[in-house]
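Mind the numbering: the sequence shown is residues 851 to 985 in the numbering used here, read in order. The next block holds one structure in the form of structure tokens; read it before the comments.
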Amino acid sequence: MDHAALVPIADLRYPEDLDRKIRVAGFCISYDENTAEVVLESERQRLLVDVSLCIEDRAVALPLRSKLLCIGTLERRVLSDTPASGPSSLQDHVTKDGTRVPTPMILHAIFFKQVDDLDLRAWIQAARTIRSAFK
């Protein structure tokens, strides 16, 4: 079984981190019930997360500014109306509420949990400590 590496959102690197199973944490700053996409933010960096595999009923309520822990596979984000190799496939993602996510990556979550009691700064520090120990 693959483990999910703890990676702060600000430390994600394109394309080095693609196709890796990772665990990220951040604040939910946008949630689209129709697409089941969440925008997580941490240290002023954003990541688009697809949580559709984790929910049965699209009517899940995710309060804005709630903290989420997500585990999944990081993949290249491709716009549905453009070919994967085209330059427009790396454009910023803009949610229906206008939140801009300047990333060519999307996390396809297999698990997510609301963790409002999580000390995000301590989690980020621990993730960086663990990552540096294995480099």
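Each residue gets a CB set at the ideal place from its N, CA and C atoms; glycine is no exception. Note that the structure is a prediction, hence the values are computed from the model and not measured.
Element boundaries [alpha helix (DSSP H), containing residue i]
{"i": "S880", "result": "Looking at the DSSP string, S880 is not in any alpha helix (DSSP H); the run it does join, the beta strand (DSSP E), is 871-882."}
{"i": "T953", "result": "Neither: T953 is in no alpha helix (DSSP H) and is coded neither H nor E."}
{"i": "R896", "result": "It is not in any alpha helix (DSSP H) - R896 instead sits in the beta strand (DSSP E) that spans 895-900."}
8 Å Cβ shell around residue i - same chain, five flanking residues per side excluded
{"i": "D966", "result": "S916, K917"}
{"i": "S935", "result": "The predicted model places S935 with a pLDDT of 40, which falls under 50 and marks its position as unreliable, so this point remains unresolved."}
{"i": "L968", "result": "A875, K917, L919"}
Cβ-based burial, residue i [other Cβ within 10 Å; buried from 16]
{"i": "I921", "result": "buried"}
{"i": "I980", "result": "exposed"}
{"i": "F962", "result": "buried"}
{"i": "L914", "result": "exposed"}
{"i": "A875", "result": "buried"}
Identified DSSP bridge partners for residue i
{"i": "Q964", "result": "L918"}
{"i": "A976", "result": "DSSP lists no partner for A976."}
{"i": "V944", "result": "R950"}
{"i": "H958", "result": "D900, T923"}
{"i": "A855", "result": "I872"}
Cβ neighbours of residue i in the same chain (closer than 7 Å, five flanking residues each side left out)
{"i": "K954", "result": "Position check: residue 954 holds Pro in this sequence, whereas Lys was assumed. The answer, listed in chain order, is Y864, R926, R927, L940."}
{"i": "A886", "result": "D900, V901, S902, I905, R908"}
{"i": "A860", "result": "S892, E893, Q895"}
{"i": "D947", "result": "S880"}
Extent of the continuous beta strand (DSSP E) run through residue i
{"i": "S892", "result": "887-892"}
Beta-carbon contacts of residue i that lie in its chain and below 6 Å, excluding the five residues immediately before and after
{"i": "A959", "result": "V899, V901, C904, C920, G922"}
{"i": "Y881", "result": "V888, L912"}
{"i": "A854", "result": "K871, I872, R873, I921"}
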